[in-house]
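Engineer:
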Amino acid sequence: MSRMLFTVGIFALLSALACGGGARQTPPVAGNVPRPESAVQPPAGAPSHPESTPPSQPETTGRLVILEPTDGATVPEKPLVRGQITDPNAKVWVVVHPMEVSDKWVQPPATVGDDGTWAVQAFIGRPGKEDVGKYFEVRAFADPRVPLKEGMILGDWPEARRKSKVLIWTRR
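When you line the sequence shown up against my numbering, it's residues 4 to 175, in that order.
What follows is the structure in structure tokens.
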């Protein structure tokens, strides 16, 4: 038994030296464990950081924002969603993710004004009281790589030239 443990220990040591030059990896501890994108918030007053995008399209999340309703809001079934984009010629879409399921629902296309303000009436949950008190992630996208249509059901957030940060709303 001790010979087997010795052999396993030597194998682990040799593997570590071959793969990482003997560098020790520190296991994650509370506070430095990566969180999902929707949960990451910059410190108050800190500038938002660009998302990872190809060099040919250097866009940041700060160029497309949802202004109303605000993050953490309690919203009706059909809130008016308003925002701002730097390019008034962009096609803006809002996508709603009921957090109890993995599907994401494409809303009607937003109307974008000459000044870059945009608005759309979104649908948060099912009609009636069935989704009252439930949480929804909401995000805006501009110029998606794959054309979107109202009512499309997506398995993931769409790839787009510009993306807002994820907001979480509660249905009232």
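All C-beta atoms in this analysis are idealised placements derived from N, C-alpha and C, irrespective of residue type, glycine included.
#1: In terms of alpha-carbon separation, which member of 114, 109, 115 lies closest to residue 156?
#2: Check whether the Cβ atoms of residue 161 and residue 150 lie closer than 7 Å to each other.
#3: Give the DSSP-derived three-state secondary structure of residue 148 in the structure shown.
#4: Compare the C-alpha of residue 174 against each of 101, 67, 93 and name the closest.
#5: In this structure, does DSSP put residue 175 in helix, strand or coil?
#6: By the 10 Å Cβ neighbour count, where 16 or more other Cβ atoms means buried, how is residue 141 classified, buried or exposed?
#7: Once the 5 residues before and after residue 103 are set aside, which same chain residues still bring their CB inside 7 Å of it?
#8: What separation, rounded to the nearest whole angstrom, lies between the Cα atoms of residue 166 and residue 134?
#9: Residue 114: which of 91, 128, 132 sits nearest, CA to CA?
#10: In the DSSP assignment, find the unbroken beta strand (DSSP E) run with residue 86 in it and report its ends.
#11: I need the DSSP call for residue 129, collapsed to helix, strand or coil.
Structural biologist: According to the data block:
#1: With distances taken between CA atoms, residue 156 lies nearest to 109 out of 114, 109, 115.
#2: In this structure, residue 150 does not lie closer than 7 Å to residue 161 by Cβ.
#3: coil
#4: 101
#5: Residue state, collapsed to three classes: coil.
#6: By the 10 Å Cβ count, residue 141 comes out buried.
#7: 137
#8: Going from the Cα of residue 166 to the Cα of residue 134 covers about 26 Å.
#9: 91
#10: 83-88
#11: coil
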